[in-house]
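Enquirer: Have a look at this one.
Here it is, written out as structure tokens:
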């Protein structure tokens, strides 16, 4: 039996672990369901900053994974929760998409225009505009405003080719104002991971953090002191593995071809 | 007589020197016309990256300044000329506005989509979109593509408040790809200044560079070795002058309240 099967909890990345874009990875999906049936506590952590849990549930259903919304930690939800925990229900202006707006409202925040907002929430937006960027710029220039970002990803590898991630907006604002977010909630940061641990009611050494990216998932696991499993079913491959480890100076505790190998290795 | 009146050529900034936004500064306009009637050679250099010379001429007419299009060095025109001089008539993709497109076409370049383009031309665009930024990103990731930007300005002080300048796009691309433009044509760079000197057929010590910003205009003058005149009719004021000099470590050769003081001082 694989030693990681002794762990009580599994904190799993989504893209590159149980699916690739909209397509599932069937053996990995089967492995997740097997973990659940064994009584393991499972949560998913994703840097997705454009979808609400409600929207994302549809993908999980199509994949055939049996989870509920409260097992899903998307940065839309995580950011809304972070703000509520640290600043209470707030007046926020966001650069983000309807999925982020939905989670902010569900957490009790009020969506307002930039000049009334206490908190700037930066998330990716495929409808980004000069007007939205101008408003974000003006909030950044006001050092009394709190500035929170969903996730740091600079480039997202879409099926069509590379597209800008939330990091594009963070970078643009940094270039113009010399200001970085007061908090970036997504991986490899601790906020998303701590929310996952709190939900599991487990300590870091009782879980394993699973993902396909060394600088995102493995680093996120290291940052909370949890054991890490890198799967080679996404961004990292057998071919680039040693180069990636060298580049990011981070080494996963375990490496498997995909999640199903937990049961065959 | 002011010693600068011995110079043969005047390289003048526009905003903050002869006008503020769409409003002229009448004594400065009168001074420009007096210089012209004295037989001085006058050109205007502006980091404006959204207007063609044709569009900009309208503003000069409204101001009451008697110049022709060939005396106007806007970064739209300057960038189009720079590309023609260095790479010949080229296939370009631009993030910019119709004013930039107009000058690129007038210089003989072909406007194409990003996957056919040889050169990426970054200029500000109040209609900037995720799609345009995605295309610019993909060109930047291809190190075989040439990357030229109109001007480096990060924030533009519009009448309504600060808005992003061309620098926002440069910063976003740099954050995502670690790549800066191969050339930034506007002030304080040399390209725009050299084109102005070439047109005047004068050497740097035969002209004076006039502007309202130390880090833009005065630095541009210093960069070509020309004497510089700072006017306090724009961004720099009596109140912030010494702080600005300290901040940018650049000192203008002369300082006047406004351009008309050339004749009264």
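Residue numbers (the numbering used here), protein chains in the order written: chain C, 98 to 362; chain X, 98 to 362.
Each residue gets a CB set at the ideal place from its N, CA and C atoms; glycine is no exception.
From a predicted model like this one, the values you see are computed outputs, not experimental measurements.
For residue 351/X, would you say it is in contact with chain C, using Cβ-to-Cβ distances shorter than 8 Å as the test?
Expert: no
Enquirer: If you measure from the beta carbon of residue 271/C to each beta carbon in chain X, is any gap under 8 Å?
Expert: Yes, because at least one Cβ of chain X sits closer than 8 Å to the Cβ of residue 271/C.
Enquirer: Below 8 Å on the Cβ atoms is my guess for residue 219/X versus residue 266/X; work out the distance and round it to an integer in Å.
Expert: 5 Å
Enquirer: When the Cα of residue 247/C is compared with those of 125/C, 289/C, 269/C, 211/C, which residue comes out closest?
Expert: Of the listed residues, the one whose Cα sits closest to residue 247/C is 289/C.
Enquirer: Using the C-alpha atoms, what's the distance from residue 268/C back to residue 139/X?
Expert: Cα to Cα, residue 139/X sits roughly 39 Å from residue 268/C.
Enquirer: At the level of alpha carbons, what is the spacing between residue 194/X and residue 214/C?
Expert: 31 Å
Enquirer: Interface residues of chain X around residue 251/C at Cβ under 9 Å?
Expert: 272, 273, 274
Enquirer: So, with DSSP's three-state summary, where would you put residue 285/C?
Expert: coil
Enquirer: So, are the CB atoms of residue 172/C and residue 145/C less than 8 Å apart?
Expert: yes
Enquirer: Does any C-beta atom of chain X lie closer than 8 Å to the C-beta of residue 281/C?
Expert: no
Enquirer: With residue 126/X as the anchor, note down where its beta strand (DSSP E) starts and where it stops.
Expert: Looking at the DSSP string, residue 126/X is not in any beta strand (DSSP E); the run it does join, the alpha helix (DSSP H), is 123-134.
Enquirer: So, at 7 Å on beta carbons, what are the nonlocal neighbours of residue 127/X in its own chain, with the 5 sequence-adjacent residues on each side left out?
Expert: 357
Enquirer: To be precise: take each residue of the segment 185-211 of chain X, compare its Cβ to all Cβ atoms of chain A, and keep it if any distance is under 8 Å. Which residues remain?
Expert: Among the protein chains in the structure shown, which are C and X, there is no chain A.
Enquirer: With distances taken between CB atoms, is the gap from residue 121/C to residue 234/X smaller than 8 Å?
Expert: Against a cut-off of 8 Å, the Cβ pair of residue 234/X and residue 121/C comes out as no contact.
Enquirer: Starting from residue 394/X, find everything on chain C with Cβ-Cβ shorter than 8 Å and list it in chain order.
Expert: With chain X running from 98 to 362 in the structure shown, residue 394/X is simply not present.
Enquirer: Can you give the beta carbon distance from residue 350/X to residue 334/X, rounded, assuming they're within the 8 Å contact cut?
Expert: That belief does not hold up - the Cβ atoms of residue 350/X and residue 334/X are roughly 19 Å apart, past 8 Å.
Enquirer: Locate the alpha helix (DSSP H) running through residue 157/C, then write down its first and last residues.
Expert: Per DSSP, the unbroken alpha helix (DSSP H) holding residue 157/C starts and ends at 150-160.
Enquirer: Could you compute how far the alpha carbon of residue 312/C sits from the alpha carbon of residue 106/X?
Expert: Cα to Cα, the separation comes out at about 56 Å.
Enquirer: Kindly identify the DSSP beta-bridge partner or partners of residue 112/X.
Expert: In the DSSP output, where bridge partners are listed per residue, residue 112/X has 116/X.
Enquirer: Grab the span of the beta strand (DSSP E) containing residue 246/X for me, first residue to last.
Expert: 243-246
Enquirer: Would you mind working out which of 180/C, 187/C, 200/C, 245/C sits nearest residue 277/C, comparing C-alpha positions?
Expert: 245/C
Enquirer: Closest to residue 253/X by C-alpha separation, out of 137/C, 117/C, 255/C, 227/C, would be which residue?
Expert: 227/C
Enquirer: So, do the segment 295-308 of chain C and the segment 316-330 of chain C have three or more beta carbon pairs nearer to each other than 8 Å?
Expert: Yes, the segment 295-308 of chain C is in contact with the segment 316-330 of chain C.
Enquirer: Could you check the C-alpha separation between residue 147/C and residue 229/C for me, to the nearest Å?
Expert: 16 Å
Enquirer: What residues in its chain sit with their C-beta under 6 Å from that of residue 256/X, if we drop five residues either side in the sequence?
Expert: 118
Enquirer: Between residue 157/C and residue 309/C, what straight-line distance do the alpha-carbon atoms span, to the nearest angstrom?
Expert: 18 Å
Enquirer: Quick one: Cα of residue 190/C to Cα of residue 130/C, how far?
Expert: Looking at the backbone, the Cα of residue 190/C and that of residue 130/C are separated by about 39 Å.
Enquirer: Within the segment 194-235 of chain C, note down every full beta strand (DSSP E) run reaching 3 residues or more, in order along the chain.
Expert: The segment 194-235 of chain C contains these whole beta strand (DSSP E) runs: 216-219.
Enquirer: Can you find a CB in chain X that lies within less than 8 Å of the CB of residue 306/C?
Expert: no
Enquirer: Determine which residues of the segment 148-176 of chain X have a Cβ less than 8 Å from any Cβ of chain C, and write them out in chain order.
Expert: none
Enquirer: Please report whether the beta-carbon of residue 247/C lies at a distance below 8 Å from any beta-carbon of chain X.
Expert: no
Enquirer: In the DSSP assignment, the beta strand (DSSP E) including residue 143/X goes from what residue to what residue?
Expert: 138-143
Enquirer: Three-state secondary structure (DSSP) at residue 277/X?
Expert: coil
Enquirer: Give me the Cα-Cα distance between residue 137/X and residue 354/X, rounded to the nearest whole angstrom.
Expert: 21 Å
Enquirer: Using the beta-carbon of each residue, which ones in chain C are nearer than 8 Å to residue 261/X?
Expert: 227, 230, 231, 234, 269, 273
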